[in-house]
Each structure stands twice: as structure tokens, then as C-alpha cells.
Amino acid sequence: MSGNGLSYSEQGGEAAPEVAQEAATATNPSTPAAFGLFSSDTKKNEDLKQMLESSKDSAKLDAMKRIVGMIAKGKNASELFPAVVKNVASKNIEIKKLVYVYLMRYAEEQQDLALLSISTFQRALKDPNQLIRASALRVLSSIRVPIIVPIMMLAIKEASSDLSPYVRKNAAHAIQKLYSLDPEQKEMLIEVIEKLLKDRSTLVAGSVVMAFEEVCPDRIDLIHKNYRKLCNLLVDVEEWGQVVIIHMLTRYARTQFVSPWKDDELVEEYNENNFYESDEEQKEKDRKVKNTYTMDPDHRLLLRNTKPLLQSRNAAVVMAVAQLYWHLAPKAEAGIVSKSLVRLLRSNREVQYIVLQNIATMSIQRKGMFEPYLKSFYVRSTDPTMIKTLKLEILTNLANEANISTLLREFQTYVKSQDKQFAAATIQAIGRCATNITEVTDTCLNGLVCLLSNRDEIVVAESVVVIKKLLQTQPAHHGEIIKHMAKLLDNITVPVARASILWLIGEYCERVPKIAPDVLRKTAKSFTNEDDLVKLQILNLGAKLYLTNSKQTKLLTQYVLNLGKYDQSYDIRDRTRFIRQLIVPNEKSGALSKYAKKIFLAQKPAPLLESPFKDRDHFQLGTLSHTLNSQVTGYLELSDWPEVAPDPSVRNVDIAESAKEWTGILDKTEKGKPTEKFYSESEEEEDESANTSTSESESSSESEKEDKEAGSSDESSGSSSEESSDSEPDSKESSVKKASRVAAESDSEDIEQKGKGISKERSTSSSSDAESTSSEESSSDLKSESDCKSDSESGRSRSAASSKKEEKTVQDKIAPKKQDVFLLDLDDFCPVTTPVAVPTSAVLSASLTADLEGLSLSSSPVIDVTTQVSVPTKTHELLHRMSGKGLAAHYCFSRQPSIFGDRMVSVQVTVTNTSDQKIENIHIEEKKLPAGMRMQEFNPIECLEPAGSITVSMGIDFCDSAQTASFQLCTKDDRFNVNIQPPVGELLLPVTMSEKDFKKEQGMLTGMNETSATIAVAPQNSTRLVIIERVVKAANLGVVPSGQDNIHRFAAKTVHSGSLMLVTVELKDSSTAQLVINTEKTVIGSVLLRELKPVLSQG
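Residues are numbered in the working numbering as their position in the sequence shown, beginning at 1, plus a constant of 160.
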């Protein structure tokens, strides 16, 4: 797929013949039709556009398939964007799916085009079909544009409360995408994760834990209440979700439980009884064993519920359970994973490689686990080299006195392998067996000496290296082997082998006094042709012989030192100078020359032949870091076991609270069903406290209900597109209930957060009341069905009746806010019914203002928490009381997203009756708007009493211009011409972005898109707080964090087109500043510059 959006013909290379053919076709009109294959893409795209505009779904589907095929071949299909977007509203689900695939492809490249379709996705987020809602959320989260981060945040919050578990699952996936786009949203995302972690659906569990691991893996406190539920749901979660949950629970368990291995250590210590131990010491040991460790029931719950997954068909799940048992289970129980891991060796080579690496690490510490399966690790001729080497490693780790003879016979066969790398590794394995098992050291050594006569040079070289290491362990008994190796020096050409023989002869030259000088003589002849490694050993040999047998070798050594003095390699030259000064005495020789013999002929420790997997056990098994033996980005280390277990009561769940919390989603489940157990055998095991078993059975039964509910929702998604879009009473009821529940839940959450002294039980009852009220008001044709359900809900209604009177004031506050939340669909394609005017106290209440700020399209205008910026209270006169015959009107810009559409500016109009008679039917007529401008007027005000006042909201789309919106404000008897002209600063919405993103966007908006001016600034106005306060008061801009004290950055986007507006104020000195504005909308930019200059320069 083309990464830069260019078609193949635009990228050069093999496109040249195609271009030539096109040129020939253009110049020669009589070219046969057969050459239409080489015609330009324009005609093809025209054909596709016609098919997409066809009334037949089959033609549209065929066109979308061809377009997706073009994308797969790397061709540019961006010009089809408008034609494709039209089909987002298609009833055919297959067409919709392909449209979403197309949009995801061009979301990042064509950011402007993607932003145009956001309102379409927002409409799809409310589609009755769960599949469409989820797909819309996926596409929205795939648009990697920082500007829409607040919209994505709002969509994720709504989707996390969706009735469909499939949509909630996609909300969890979207959390990770949003976090990678804007890490500053972390705190808000953690709230959503906390909510989704309480979800009882197995479909959601894996996805939300993955989001938890990505966003806040250190927040272990979020897992406490959900630990037992996750353990019980684990067996029914989808496979990849199981892997993520198991790894997370492994980390969790290492922080919450004490080590189960202490018991094993105490028993081992007790068994190693000393014959001369005193009675007191024996009594102390008895006391320790009596006070042995007892496993926490929650620890046992995890081990028991993961054990069945060892039979999973997914290798990753089996590997995850194996590492969990390795890191968490008592050593006596960890052995059950070995059979499952050996079973995985029948899988493909990639799986074998990972599994064998983990077995190699395990087999070093606990050989007994895999000894019964020794033959499973025998090498096959069809195995690739990497698998052969790992199996050989495991066989070497498992070698002991009982099976060494069998293994050595096996190794003899491996040495004859045509794979030379594997044969060399086998010789090293024989050497390791010889050092680890002293009974076979001589046998292995003799076998390796026999290999010295092998025809293969690599085998001989590797044998020499291994023999050298073995001889270091007991050199006194092996003078004959050294002589034999010296004879081979003429035939061996591999540098490492030659160097090893020379080192051996030099180290033990006193045991072969006749052979060593002759070897030096031969190597001195070939010194100039040798490898650097061999030259260094020749110099070492000469030095050692000079010190032990100077009569025979003095001249030879000086000759070799002279050759080394003029060698091309500086390593050789340096070593030569060092040796000459050390062993040849002269006037300049230092004190070290006296100790030359001790330095060169010091006793060397024997080398340790160890497994390369010995140090890998500090990485968690099954991770990429363990595979690479290096810590990779994102690796989370396992913590050490705590000495004392933390309080286990944090995992206790209040069942009543849990039931209240999920009443909205689990409302449809049948209440008369008996509670069934999730795992009958798991509930019958011992060591379970009453608290644990109660919570387990509760979570199990609820998960079963949720599964049945999920199954019914899946069936609904599988129905035909006509049924899913049909407006039958059932679908109406479900959509109405969904909307009312989401609104009620958000209301109750907001009330709790504001901390107005309302208890948790009261807020829960108020939310349930609000839920019933909104569902009754939403649809009158559902009355009969709601009557049918009244019997089942009567119990809950009676319990809530006593608190209804107390909660009346709260209900009054919730009602208008709930209406605004329901209408805030940010959709400018379908007009929404205008809300009825409400009294001033309700509309302008502090709670509503706070709620609208929380639901804003953009995040808070100010990022810097040290600066408080409030919505400006500056009002403008719309109609004077004298001109309006007692009717006065004022308007202000609320700086909140308009409830009438995301392209409209929200305007609040306050109408006051200053006369002594009531004024009736106040409304708007005869709108005189410039081309393209739109206005959504307020609903007529039926009556306004004398001295009465009312505030209403209206929306105006100014099309990113400061043109005047003229209209008539009418009453029952009169008409008054009025107009609204916005300051340019009110045509913006603040956006949140990092300093890095600001600079990146600013770099793309230079040249004609940049306007600047130098202004004089009074000293008292040059502080950060004053500049931010003045700029934000003049224009609706968001503050961008700045790493420099003298530079202040602000960012916003235009309400209509979403074009970025970047403002920079750079203080040059105490009296001047540079004001720079970068935007595509150059006219607005220049007007904004004129408005900001006096604001910053005035005293």
C-alpha cells in the first residue's frame, strides 16, 4: 500500500511504459479499444463515481470492492472521498463496512477530508445496530488528528456506557489509540478504564485489561475489586484476552501474596539434619515447620482457574499459564505445565522456538520437570538449526549420571551432521557435560581427541577449543594430549584453533620442554602470514619460553619481537613493546621486570562452561525481553514477593453496591433465575473463606447472565440490514431506554463528583427515578409495553418512593441538564428540534455551566492550572428598551459548543420586560443572512410577565466571517429590526495540543498563512498571568504549554471549518513583543491581529 498517497504511475520506475502508452493513446484517436486497459485513471474513477451514485446496492458494493482493491495496490483513491462518504448512511452493512475501511485508510493522509465526515460518524454512534456503532467508533479513533481528541474522548465515554458489550469492547480498544495520540488525556481515560473494569461481560474483559496495561499498568488499586471477577471470567474470555489478563494477574499476584517457595526452603533445611545438632536447634526447626506458609485463598483461586487453560488450543495461552505457574505456584505444583509445553513442540517452528527458549530457562533451575520427556527433545533431521541448537541446550541441561551414556551416544550422531554450526554446538555440549559430570570427563576428552582426526576443519577447530578448556581443569595428567595437539598444528588452519594450541603449549611449556621451542621455530617462519589472534599467541609463547628456557629460545624470541615491532596492526606493535620492556632487562626497565615470570606464568582459573540461558531467568518468561535477553521498551518487571502480605480485604466486593452500579445494563435479565455456579468443582474446594466464596458465586452468576445477554445482542447484529434500520416498537424501545440510561448514569456520576452532600444511596435512587421519567416522556406509543413491565419494576419503585420527595430539588437540577446531554449529538446534517425556553435560573445555573464545560468539543481552554480563565460576562445590546417599547434584549457568546450543530456559535439572548404589561409571543422572523450563513432561532416565548426576564439559546453559523446576522425580533403586536455581529475571537473554539505539535503545525502554516506585528507592551503587562488573561478574554483561545518564559502560545480552531488558529506572543524585552498568528484563514487572522494589538499594548 502506498504510504504517501501517490498512485503507482506517479512514483516513477516501471510506470514509464504506462505513461508512454497513455500519451500514444491521446495523440492517436484511432487506437483500438483493446488498449483501453492503459487509459488514464480519470475515466475509471468517473465510472466508479457513477456506480457509487447508483440506486442499486449491488453496483455500490462492486464499486467499493474495486476501490479497496485500488488501495491495496497502492493507487491513490482520495478523489473518490466525497462519493464514498455519501454511502456511510447506506442500509447495506457490507457497503458500510467497506466505506469504513476506506475512511480509515485516508483518515491520516487526508486530514481535512476526514474531519468533514466526523459529524457522520457521530450520527452513526447512535445507530440502532451495534455493529455500525462499533465501526463508527473504530474509524473515529483511527483519525490521528489532535484537533478531534475531545470528540474522541466524548465518544469513548458514551460507548463505555453502551448496552452492547461489543461496542464497549471497541471503546476499550479506542482508549489505547487515544492515549497514543494524546497522553495528556490519561486521567480521564483512567476513569473510563475503571468503569469498564467493572463490566461483567467476557467480551469486554480482555480489551479493557489491555487498555489498562497500556495506559496505567502501575494503578494496581483498580484491580483489587475486580480480581476475583477476572479470575472467574478468565476461562470464557476470548483467547488473546486470556493472554493479556494472565500476564496482568501474574504481576498483580507478585505484589499481593507472599512467596509460596518459603515452605519448600524450610522443608529442605529441615531434611538436611546435622548429626550433632543440639536439642534447642532441633526444637527451633520443628517450630518453623509447624508455622509453615498457608496459601491465600485468592492466590489459590488464580492457580485453580488458570489450570484448565493448559488444554487450550492457543499456544500463547498455554505459554502464559506456564509462566504464571513458574512465577507463582509452589515448586511442587509447577511440574504440571511441563506436559502441556512438550505438547506445543508439535506446532510450527516459530512456536517451537519460543517454547524451547522458555523450557531451556526452566530446565536450568528445575531439571526434574522435564526429565520424563527427555526423548521429546531429541533432534530430528528436518529441524532448522535454531531448533536443533535449543534442543541440544535442553539435553545438556538435563544431563545427569543416569542418562549421560544415552546422551553421549546421541551426541556422537549429531557431530556427524552436515549442519556444521550444529556440529560445533554439539562439541561444546560434550565439553559442558564433561565439566558438569566428573564420571565421564575422561570419556568425553578421549572422544574429543578422536575428533581431532576428523576431515572437517570446523569440527577439529571446535574440538581444540573445548579440549583446551577441559585441560585447564587437570593439566598434569594430559601431557600426551598436548603433544598430540602440537603435531596437528601444521594441518589446522582455523585461527581460533591454532591460537588455542599455541596458548596450551605456552601455558604448559615446562611439561613439554622439547616440543615447545620447535613449535616456536615453526610459527616464527609463518609469523607474517598468520591471523592477528595467532600472532598475539606466538608473542606470548616466545615470552614464556624466554623466561623458562632462554638458552634455546632467546634469539628466536628476539626475532619474533622484531617482526612484531613493524607489524601493520597496532595491537601487535603495542603488545611487542610491552613484552620487550617486561622480559628483556636493560637500564630503562622498571621494577615490573623482576616479576615478569610471575605475571606470564601465573596460575589461571579454569573456565566455567555455562549455559547461555543461565541469566535469563530475571526476565518474565514468555516475554519479548526474555526471548531477546535484553530489556525492551514497555517491559514491566516482576516485583519481588512482599515479606508480609498486604490486606486481603481490599479485594472484597460490596455486592449491593455492585448491583446498584450495573442496574442500567443488567436491567433486562430475568430476576427469577436461580443462581448457578460458574465452576461447580471450583466452588467445592477447601481453604475458601465465606467472603471469597460469596463474591465468586455472585460474579459467576452475573457473568452467565451477561453472556446470555451478549448472545442475544449478537443475534440482533446478525439480522438483515432492513430489520436493523426498521422503526419497530422493539427497536424504538431499546434506543429510548439506552439514551435515558446513559443520561441518567452521567447525571448521577456528575452529582456525586460535585460533592453537594448527597449520599450514594440517594444519588442512585434519583438516577433510577430520572431513568423512569425520561423513558415515559420519550415515546408515548410505548405506554402499553411499559405497563407490562411495571409489575416487575414495582418493588424498586416502592423502595424509591420514600426518597422521591427529598430528591425533588435534585431532579429539578437534573432535568434541563439531561435534555442538553441528549441533544448534544454535534450533528449538523439533521436539524434538531429547538429546546423550549426555560427560566433564567435553570439555564444559567452553575451545575449546567460545569456540565457543558465537561461535554465541550474541546478540552478546557486553559491547560496551565495556575491560571483561572472564566467565560467572559461581556454582554452586547440587541434591542434597547426605548426602541423595543418596553422590551429589552441583550446577547452574549457563551463560548460553549452549540447544541444545534458543531458549526454554529452558541449565542445566549436575555429578554427582559421593562414595561408594566405582559408581552406575548416573542419570536424571530425575517432572517436576512449573507449567503451560506445559517441561524437556529429559539422557540417562541409565549408570555413574559412585567419585570420578568428569560434567557434562551440560539445558534448562528457565521461561516468563519465577522458578517452581521440581521433578523426581526417580534412580539404579538410589534416587529423590531436587530442584528448580531460577532467579534472574531468568538468564532473560535479552544483546542489542546502539546508544544511539539504546536511547532509542527506552525511550521506547516508559514508564508502567506502567517501574520505578525511588533507591539509596545507596558512593563506591568509583561507577566505570564496578565498576558494569558488578556488574550483569552479577547479571543476564545486555549493555552499551549511553553518551555520558555518569554514565549506564550495559544491555539484554537474556527467553529465552521475547523481551521487551526495559532497565536504566539514572544516578549523581546520588557517593552516590546512580537505577535504572530498562523492560520489558513488569513482574513480572520489579520482581523484577530488588529483586535489583539490594543489589548496587549494598553496600560
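Yeah, the Cβ is synthetic: ideal placement off N, Cα and C, and Gly gets one too.
Since the model is a prediction, treat every value here as computed from it, not as a measurement.
Three or more beta-carbon pairs separated by less than 8 angstroms are not found between the segment 796 to 803 and the segment 532 to 548, which leaves the two stretches without contact. With fewer than 16 other Cβ atoms inside 10 Å of its own Cβ, P1179 counts as exposed. Fewer than three beta-carbon pairs drawn from the segment 712 to 730 and the segment 768 to 778 are found closer than 8 angstroms, and the two stretches are therefore not classed as touching. In this chain, R1094 is not harboured by any alpha helix (DSSP H); it is covered by the beta strand (DSSP E) spanning 1094 to 1096. Short of 7 angstroms from the beta carbon of V261, and not among the five residues preceding or following it, lie these beta carbons of its own chain, in chain order: V228. Under the three-state reduction of DSSP output, C669 falls in the coil class, being neither helix nor strand.
In this structure the segment 1181 to 1188 does not touch the segment 378 to 387; the number of beta carbon pairs closer than 8 angstroms is below three. Short of 7 angstroms from the beta carbon of A1173, and not among the five residues preceding or following it, lie these beta carbons of its own chain, in chain order: L1235, L1249, K1253. An exposed status is given to H1040, since fewer than 16 other beta-carbon atoms sit within 10 Å of its beta-carbon. Cα atoms of N812 and K385: separation of roughly 6 angstroms, rounded to the nearest angstrom. Between S1257 and A1176, the beta carbon gap of about 5 angstroms places them in contact (Cβ cut-off 8 angstroms). If you compare the alpha carbons of W400, V1215, M529 with that of S472, the shortest gap goes to W400.
For the 7 angstroms CB-CB criterion, N1206 and L1222 do not form a contact.
The C-beta separation of V1138 from L1047 comes to about 11 angstroms, leaving the pair out of contact by the 8 angstroms criterion. I1110 is not a Cβ neighbour of V1067, given a cutoff of 7 angstroms. Comparing C-alpha distances from N560 to each of L534, A584, S1182 shows the shortest one belongs to L534. Between the alpha carbons of I307 and D272 lies a distance of about 11 angstroms.
The count of Cβ pairs closer than 8 angstroms, one atom from the segment 619 to 626 and one from the segment 636 to 655, reaches three, so the stretches are in contact.
Apart from sequence neighbours up to five positions away, the residues of its chain that approach N330 with a beta-carbon distance below 7 angstroms are A294, L297, R298, A319, ordered along the chain. A Cβ-Cβ separation of about 7 angstroms places N465 in contact with N392 under the 8 angstroms criterion.
In the DSSP assignment, Q712 falls within the alpha helix (DSSP H) that extends over 710 to 725.
Looking at the DSSP output, I1084 sits in a beta bridge with L1129. In this structure H778 is exposed. Its beta-carbon is surrounded by fewer than 16 other beta-carbon atoms within 10 angstroms. When secondary structure is reduced to three states using DSSP, E1226 falls in the strand class.
A243 is positioned such that its CB atom lies closer than 7 angstroms to that of K209.
Taking the C-beta atoms as reference points, Q483 is found nearer than 7 angstroms to L781. In the three-state reduction of the DSSP assignment, C1103 falls in the strand class. Counting only the Cα atoms, P310 lies some 35 angstroms from E1085. If you ignore the 5 residues before and after A223, its C-beta comes within less than 6 angstroms of the C-beta of L208, M211, L212, all in its own chain and listed in chain order.
The DSSP assignment places complete alpha helix (DSSP H) segments of no fewer than 4 residues inside the segment 569 to 614 at 580 to 596, 601 to 611, in order along the chain. Going by C-alpha positions, V259 is about 19 angstroms away from V327.
Take the alpha-carbon of M348 and the one of Q1128: they are about 44 angstroms apart. Of the other Cβ atoms in all chains shown, 16 or more fall within 10 Å of the Cβ of M1153; this residue is therefore buried.
Closest in C-alpha terms to S1121, from the list T1074, Y719, V1215, comes V1215.
Unbroken beta strand (DSSP E) runs of no fewer than 3 residues, entirely contained in the segment 494 to 572, are not found.
DSSP, reduced to helix, strand and coil, places P677 within a helical segment of the structure shown.
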